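These notes are about the structure you will find just below.
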Amino acid sequence: MKYKFKGLRYVTRGIVSTIDCNVINQIWSVLDDFVTSNIIEPDYLQIFKLITKKVAGEYILVIKHEQEVPEYLNNEAYTSKILQSINEKVYIISDYDENGKEYSTMLLASEY
């Protein structure tokens, strides 16, 4: 089954309560860029590691993107200045409903 991460997109309560909406949108954007790049076939499970570094007194968010099968890793899929520290692992899972329509869910790894 091919996963294009199209269709409806959901976020869990954990995501909404932990991660700023601008960062949520950026994660979706990184995923969209990956899927359209055709680098490799996307797996149903995409992993994003949000790591905050403090540089010259400012917080810099680094989003690392990976998947396990086939193996893919982008150590700096996105970087940006942010107001507060975020260090989380985020999953995006693609699936199909009973009508064959694809949907995607973003959740914290701790919610899996």
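Numbering (this note's numbering), first residue to last: 10 to 121. Built from N, CA and C at the ideal position, the CB exists for glycine as well. Every value quoted in this text rests on a predicted model; they were computed, and no experiment measured them.
Report task. Can you give me the Cβ contacts of residue 20 inside the same chain, cut-off strictly under 7 Å, excluding the 5 residues immediately before and after it? Result -> Numbered from 1 along the sequence shown, position 11 holds the residue referred to as residue 20. 33, 115.
Query - Validate contact between the region 90 to 102 and the region 49 to 61 using beta carbons, cut 8 Å, 3 pairs - result: yes
Query raised in the report: According to DSSP, what are the bridge partners of residue 90?
Result: For the purposes of this step, residue 90 is identified with residue 81 of the sequence shown, where counting begins at 1. Answer is 69.
Query raised in the report: Is the region 107 to 121 close to the region 66 to 82, with three or more CB pairs under 8 Å?
Result: no
Query - Three-state class that DSSP yields for residue 52 in the structure shown - result: In the sequence shown, residue 52 corresponds to position 43, counting from 1. It is coil, neither helix nor strand.
Query - residue 54 versus residue 101: straight-line alpha-carbon distance, rounded - result: If you number the sequence shown from 1, residue 54 lands on position 45. If you number the sequence shown from 1, residue 101 lands on position 92. Using only the alpha carbons, I get a separation of about 6 Å.
**Report entry** Inter-residue Cα distance where the pair is residue 78 and residue 37
**Finding:** Mapped onto the sequence shown, residue 78 falls at position 69. Mapped onto the sequence shown, residue 37 falls at position 28. One C-alpha to the other measures close to 20 Å.
Query raised in the report: Is it right to say residue 26 is buried, meaning 16 or more other beta carbons lie within 10 angstroms of its own, or is it exposed?
Result: Locating residue 26 in the sequence shown gives position 17, counting from the first residue. Residue 26 comes out exposed.
**Report entry** C-beta atoms of residue 51 and residue 12 nearer than 7 Å
**Finding:** Residue mapping note: residue 51 aligns to position 42 of the sequence shown, counting from 1. Residue mapping note: residue 12 aligns to position 3 of the sequence shown, counting from 1. For residue 51 and residue 12, yes; Cβs fall inside 7 Å.
Query raised in the report: Taking Cβ to Cβ, would you say residue 112 is nearer than 7 Å to residue 17?
Result: Translated into positions along the sequence shown, residue 112 becomes position 103. Translated into positions along the sequence shown, residue 17 becomes position 8. Closer than 7 Å, so yes.
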